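Line order of the protein sequences matches chains G and X. Under our numbering, think of the first position of the first sequence as 1, with each following residue one higher. Under our numbering, think of the first position of the second sequence as 1, with each following residue one higher. Down below is the structure, laid out as structure tokens.
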Amino acid sequence: MGLSKIWVYAEADGDKPATSTLELLTKARELGDTVECVFVGANADALAGALGEHGATRVHAIDNGDVLAGVVGAGALAKLIESEPPDLVLFAQTYDGRDALGRLSVKIDRPALTNGTDLKVDGDAVTVGTAIFGGNTLVDTRFTGEKPFLAAIRPKSFAAEPGGGAAAEVVAVDGVDTGRAAEAKVLERHVEEREGPKLEEAPVVVSGGRGIGSAEAYEPLVDELAKLLNGASGASRAIVDAGWVPYAKQVGQTGKTVKPKVYLALGISGATQHLVGMKGSDNIIAINKDGEAPIFSVADLGVVGDVHKVVPKLIEALKAHG
Amino acid sequence: MNIAVCVKQIPDPATPGELDDATKTLKREGKLILDESDSYGVEMALQLADKAGGGDVTLISMAPNNEVSGLRTALAMGAAKAVLVSDDALQGSDSLSTAKVLAKAVERVGDIDLVLTATESTDGYTGTVPEQVAELLGWPSLTFAKHIEIADGTVKIDRQTEAGYDVVEASLPAVASVTAGVVEPRYPSFKGIMAAKNKPVDEVKVADLGLSADQVGWAGAHQEISDVRAAPAREAGEKIEDEGDAHEKIVAFLEQLKVI
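As structure tokens, then:
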């Protein structure tokens, strides 16, 4: 058996736990005797049922009000670690997860292993697996210092499965001092309307790259095709860097990992940066003018052709298909 | 308005990366270039300093072998000067050690109002250094900025979130991480390139920053690479040339997968 206590830094998606949190809990349950969550937000009670069902026995909760969540999270974790340190704290590689992990690693002077896609425990040894060079090479890194160990795991690395536990007990954390860091206040929250599923959870993902030619082509080609397939639209780093679409749409090493049933790459050459984020998809369809593009090395169906010719016809055919 | 921009000099991402046999870390010998991710922070800093009516933009970099090629690119864009931390003791540094070095370098420059960084580097991409630098300095951090405004001693950003974006504000001094694509980095002019050759680069060692060798590099990383192996390869499937009917093949494939 593995570790005696593992904490998961829990995040919410509305009134439910984020899928990435449930993935971490499922893995933590397998590796540790006791699994607990630390959660920053106002609605811990609403999450307690699902967190418990996925393995957490307790939720240490703190309401951050309008302070940036990760700042309060790091403060709460550091305070809790003083009195009851776990062996391992797991974070999802998300915006708030990275904020909390970065600050905590400084507060307790421990290294942070990030971008994990695998996690192994052998006795007291904890190893984080990462995929580099476009996912062609796997590297295991082992903590050699003192516990607690801190690791961030990329969403979609593990499957989320309920284990049938009872609702987690919610315990309030208070007296957290975060100093000047707490001056970062959220003034407004903007929720962008999204049609269809989230990028990381969509059964079909349609991504665009340089080959679509311009920012203006994204909506009629990529978004339209994603909509027709009840999927989500994504992007290569190249067009995010060019400012055509926001960072949130980026699939790849410095973006999101997706593992849909079908991934359609439109005008994407397939740099290693991109491949690592999508080659775990069940089926890959690629359309690219350059027959030598690396994307074809991972495609189940590769079309050497112009996206501006193939995609409009595909859209028409799908509309006719009904 | 004095701004420090943390910039990384990395092996050209267009060439395949390679691991050092002995250390199992990324080979970072030879010429390094400015990480493209950092060009947005440099551009943002130049624009913010300009809007504020003046002040210096100082580059902070940690690199092996006193590498300055990437720094010269950012100096040519318009940054005033640079601090370069280069020391054999830094080999094997993890994100926390790197942040310790960068934070100390910011303090060495002194009188900084804002530190800008990318959200992660292209080669190492641990993605925690901005927050670590902020915590070490004891400053607020505004991460994943899509837009930055400075006014009356405060910094306000649009912060990327899973759902959309949040408007987040903090008083200065502060650290902000900038997402890619939010500004268009300028190309260095010929005049800029010539001027960059004479701009000051303050080359320092770990000891100059008041850090000891066991706080950085392999000694400070508290981790070891226990295994490196090839990932199972994914087999390529069918590849066809579009003769005007490729969309039919795609429809058939989607039908077969029961997606439509």
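Even glycine gets a Cβ: it sits at the ideal position worked out from N, Cα and C. Since the model is a prediction, treat every value here as computed from it, not as a measurement.
Subject >> Any C-beta of chain G under 9 angstroms from that of E248/X >> reply: yes
Original post:
For H274/G, which three-state DSSP category applies?
Top reply: helix
**OP:** Tell whether a beta-carbon distance below 9 angstroms holds between K107/G and E248/X.
**Re:** no
**OP:** Could you run through the segment 137-151 of chain G and flag, in chain order, every residue whose CB is less than 7 angstroms away from some CB of chain X?
**Re:** T137, L138, V139, D140, T141, R142, F143, T144, G145
Original post:
Should V173/G and I62/G be called a contact, given that it needs their Cβ atoms to be closer than 9 angstroms?
Top reply: yes
**OP:** Could you tell me whether the segment 230-250 of chain X touches the segment 301-321 of chain G, using the rule of 3 or more Cβ pairs below 8 angstroms?
**Re:** yes
Original post:
Can you list, in chain order, the residues of its chain whose CB lies under 6 angstroms from that of V176/G, leaving out five sequence neighbours each side?
Top reply: G75, A76, K79
**OP:** Please determine, among E30/G, G305/G, G196/G, G65/G, the residue with the shortest C-alpha to C-alpha distance to E243/X.
**Re:** G305/G
Subject >> Secondary structure of I108/G, DSSP reduced to three states >> reply: coil
Subject >> Option in V8/G, T141/G, F149/G with minimal Cα separation from R229/X >> reply: T141/G
Original post:
What does a CB cutoff of less than 7 angstroms around G210/X pick up in its chain, not counting 5 residues either side in sequence?
Top reply: K104
**OP:** Could you check the C-alpha separation between T114/G and Y95/G for me, to the nearest Å?
**Re:** 13 angstroms
**OP:** Out of D124/G, T117/G, K249/G, G73/G, point me to the one whose CA is closest to T126/X's CA.
**Re:** T117/G
**OP:** Compile a chain-ordered list of the residues in the segment 115-139 of chain G whose CB is closer than 8 angstroms to at least one CB of chain X.
**Re:** N115, T127, A131, I132, F133, G135, N136, T137, L138, V139
**OP:** Could you name the residues that DSSP lists as bridge partners for P140/X?
**Re:** For P140/X, which the question treats as bridged, DSSP gives no partner whatsoever.
Original post:
Do the CB positions of A170/X and V182/X come within less than 9 angstroms of each other?
Top reply: no
Original post:
When you check each C-beta in the segment 248-263 of chain G against every C-beta of chain X, which residues fall closer than 9 angstroms?
Top reply: A248, Q250, Q253, T254, K261, V262
Original post:
For the 8 angstroms Cβ check, are there 3 or more pairs between the segment 217-232 of chain G and the segment 194-207 of chain G?
Top reply: yes
**OP:** Output yes or no for whether 9 angstroms exceeds the beta carbon distance between E324/G and P86/G.
**Re:** No information on residue 324/G is available, as it lies outside the stretch 1 to 322 that chain G covers here.
**OP:** Taking C-beta pairs closer than 9 angstroms, name the residues in chain X that A202/G reaches, listed in chain order.
**Re:** Going along chain X, no residue has its Cβ under 9 angstroms from A202/G, so there is no contact; the nearest lies around 11 angstroms.
Original post:
Hey, would you say E323/G sits closer than 9 angstroms to A160/G, going by beta carbons?
Top reply: The question about residue 323/G has no answer here: the residues shown for chain G are numbered 1 through 322.
Subject >> Reduced DSSP category for H247/X - H, G, I as helix; E, B as strand; rest coil >> reply: helix
Original post:
Who are the Cβ neighbours of A125/G in its own chain at under 7 angstroms, not counting the five residues just before and after it?
Top reply: R142
**OP:** Kindly list, in the order they appear in chain X, the residues whose Cβ is closer than 7 angstroms to that of R180/G.
**Re:** G138, W139, P140
**OP:** Under 7 angstroms between beta-carbons, which chain G residues line up against T161/X? List them in chain order, please.
**Re:** Y95
Original post:
Is there a Cβ from chain G that is less than 9 angstroms from the Cβ of G244/X?
Top reply: yes
Original post:
For the putative contact between L32/X and I60/X, defined by C-beta atoms under 8 angstroms, what is the C-beta separation to the nearest angstrom?
Top reply: The pair is not a contact, with the Cβ atoms about 15 angstroms apart (cut-off 8 angstroms).
Original post:
Under three-state DSSP, which class holds E23/G?
Top reply: helix
Subject >> Strand pairing of Q223/X, partner residues [DSSP] >> reply: F143/G
**OP:** Show which residues of chain X have a CB atom less than 7 angstroms away from the CB atom of A160/G.
**Re:** In chain order: nothing, as chain X lies at least about 16 angstroms away.
Original post:
So what does DSSP say about A49/X, is it helix, strand or coil?
Top reply: helix
Subject >> Same chain only: Cβ atoms within 6 angstroms of E93/X, ignoring 5 sequence neighbours per side >> reply: In the sequence as displayed, the identity of residue 93/X is Ser instead of Glu. So the list reads V216, G217, once near-sequence residues are dropped.
Original post:
Can you tell me where the alpha helix (DSSP H) with S214/G in it begins and where it stops?
Top reply: Looking at the DSSP string, S214/G is not in any alpha helix (DSSP H), and its letter there is neither H nor E.
**OP:** Name, please, each residue of chain X whose Cβ falls closer than 8 angstroms to the Cβ of H274/G.
**Re:** In chain order: nothing, as chain X lies at least about 12 angstroms away.
**OP:** Let me know the beta strand (DSSP E) ranges lying completely inside the segment 56-132 of chain X, each 3 residues or longer, listed in chain order.
**Re:** 57-62, 81-85, 114-118
Original post:
For chain X, is any of its Cβ atoms less than 9 angstroms away from the one on E23/G?
Top reply: no
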